[in-house]
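For the sequence shown, the numbering used here begins at 22 and goes up steadily by one.
Cβ coordinates follow ideal geometry from the N, Cα and C atoms, glycine included.
Treat the numbers as computed from the prediction; the structure is a model and nothing was measured.
Read the structure below first, then the notes.
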Amino acid sequence: MSVLAQLTAVLGDLVDTHPAALEAARADSSGHAATGRPLAIVHAESVEHVQETMRIATATRTPVVVRGAGTGLAGAANAGDGEIVLSTLRMTAVREVRADDLLAVVEPGILNADLNRVLAPQGVWWAPDPASRDISTVGGNIATGAGGLLCAKYGVVRDAVLGLDLVLADGRLLHLGHRSVKGVTGLDLTSLVIGSEGTLGVVVGATLKLRRLVPGTTCTLTATFPDVRTAATASSAVTAAGIQPAIMELMDSASLAAVHALLGLPAPAAGAAQLTIQTDGPAAGVEAEAIADVLRAHRGLTTVTHDADEGERLLAIRRSMHPAMASLGTTLIEDVSVPRSAMPAMFDEIARIEQRFGISIPTVAHAGDGNLHPNFIFEGPETPPLIWEAADELFRAAIALGGTLTGEHGIGTLKRRWLADELGADQWELQRQIARVFDPLGILNPGKVFVADA
């Protein structure tokens, strides 16, 4: 009996072979598409469905690509020829909310924004806040180790997960982590799975660490600078001053101009860069004024608003970055991080690379934590060699400044060729060996992060 016949016999209508669905599963929001077409999509609705799929995959040695909403930007959940797509998008239940213990137990398919709508009436929230919060899933956040606009103050996904339910490649179910605030028994397998991009197992449940809703108000600042280096220097000065805003976002001149054009706003001054900063909590007003003093001392034309709705309108400019880039052409959205004090130097490197290759690289940054998103714009579906050459220089510049290839998007197929350059040969091989312990047959997301054995 074929693999498809076995899946259909056990899972029935949950097995999807419609050509349009299979075609969509080849690509994510990076624009990259896998070669060939997957065998089928299994729309799992329960843990048992995931286990049955993995048992069949192991018995037949069929590769499996775990997929959520398909909003990833690294090509890590793109399924190709002969692969099973295991979709967890229908697993959306909030199994438990314990506001007294500041935890929730959820299934992986629930969207970030939907989860926080459920939590809000109980006075709690889950802090990870990717720009894609309205369309990205909690499971996808966990798979990539996602970040977002609030990371500088409230941490990344790894800081907000207490435990995971994980189905291994052979169908066994593990319960990793704990429900208590503290827990140091054995190795921290929960943190190991976070950011593993589907190579260690299938996340079917997550015990999340919640926060109380922040009391008080929010204040939002915008500051315009004559150039991006000055803006980056100002953002580093805010951090050095010991002030911790909830959000601190930087847009260079090209990205700012593109968003203004998309939204029909007046064109910004030539070369102008902008910081958008938000403070929250009981001290929001005092902190906003202190930040404004720092920005003005660094030549920032600064305004402060205490109106929450106006603040959201200002943040909407930053959140419109992705559609603005899409309006310019095909976009390779990149994701490097450097120490916050090195951000001005990283923008210098981007300017150097732009000049050398004769291209524009519109860039935004989570300036509060040093995470930059350079955007390479080109025409056509395939990334040209010139763009990859420029990206290669950019990645190496970030590493040389003490940074990393990715702060929140993950490695996937787009960056796997540079992984060993950052990790070094010994750590790279050790990570491959760890993956083999979880998945001896190599059927989980093969080749998407680690290059397959020769």
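- The region 78-93 makes no contact with the region 121-128: fewer than 3 CB pairs, one atom from each, lie closer than 8 Å.
- Taking the C-beta atoms as reference points, residue 132 is found no nearer than 8 Å to residue 109.
- The beta carbon of residue 362 is closer than 7 Å to those of 257 in its chain, skipping five residues each way along the sequence.
- Boundaries around residue 195 are those of the beta strand (DSSP E), 194-198, since no alpha helix (DSSP H) includes it.
- With contacts defined by Cβ atoms closer than 8 Å, residue 394 and residue 388 do not form a contacting pair.
- Non-local C-beta neighbours of residue 249 in its own chain, meaning closer than 7 Å and more than five positions away in sequence, comprise 273, 274, 294 and 368, ordered along the chain.
- If you draw a 10 Å sphere on the C-beta of residue 314, you find fewer than 16 other C-beta atoms in it, and that means exposed.
- In this structure residue 167 is in contact with residue 149, their Cβ atoms being roughly 6 Å apart against a cut-off of 8 Å.
- In the three-state scheme derived from DSSP, where H, G and I count as helix and E and B as strand, residue 22 is classed as coil.
- Scanning 234, 176 and 190 for the CA closest to the CA of residue 265 turns up 176.
- For residue 306, the uninterrupted alpha helix (DSSP H) run begins and ends at 305-318, by DSSP.
- For residue 465, the closest of 87, 52 and 65 by C-alpha to C-alpha distance is 87.
- By the Cβ-count criterion, residue 50 is buried, with 16 or more other Cβ atoms from all chains shown falling within 10 Å of its own Cβ.
- For the pair residue 445 and residue 375, the Cα-to-Cα distance works out to about 28 Å.
- Contact check for residue 93 and residue 433: beta-carbon distance about 7 Å, within the 8 Å limit, so the pair qualifies.
- Within the region 52-140, the complete alpha helix (DSSP H) segments at least 4 residues long are 68-81 and 133-140, listed from N- to C-terminus.
- Taking the Cα of residue 347 as reference, the smallest distance to any Cα among 456, 321, 279 and 380 is reached at 279.
- Assignment of beta-bridge partners to residue 302 by DSSP yields 238.
- The region 419-432 makes no contact with the region 30-46, as fewer than three CB pairs between them are under 8 Å.
- When DSSP states are grouped into helix, strand and coil, residue 436 belongs to the helix group.
- Membership of residue 249 in the alpha helix (DSSP H) is indicated by the continuous run 249-261.
- For residue 105, the closest of 91, 64 and 118 by C-alpha to C-alpha distance is 64.
- Per DSSP, the continuous alpha helix (DSSP H) segment holding residue 365 begins and ends at 364-378.
- Contact check between the region 324-337 and the region 229-248: three or more CB pairs, one atom from each, fall below 8 Å, which counts as touching.
- Sequence-distant partners of residue 269 (beyond 5 residues in either direction) whose C-beta falls short of 7 Å from its own C-beta, in its chain, are 173, 256, 259, 296, 298, 388 and 389.
- Here residue 364 is buried. Its C-beta has 16 or more other C-beta atoms within 10 Å.
- In this structure, DSSP gives residue 270 an extended state, which the three-state scheme calls strand.
- Distances from the alpha-carbon of residue 452 to those of 307, 305, 220 and 310 put 220 closest.
- If you draw a straight line from the Cα of residue 139 to the Cα of residue 113, it comes to about 12 Å.
- Under the DSSP assignment, residue 343 falls in the alpha helix (DSSP H) whose first and last residues are 342-347.
- Taking C-beta atoms as the reference points, residue 392 and residue 354 fail to come closer than 8 Å.
- When rounded, the separation of the alpha-carbon atoms in residue 334 and residue 129 is 30 Å.
- Partner residues in the beta bridge of residue 385, as assigned by DSSP, are 272 and 394.
- According to the DSSP secondary-structure assignment, residue 212 is paired through a beta bridge with no residue.
- Annotation for residue 309: 240, 242, 300 and 325 place their beta carbon closer than 7 Å to its own, counting only its chain and skipping 5 residues before and after.
- Residue 295 has 245 and 272 as its beta-bridge partners, per DSSP.
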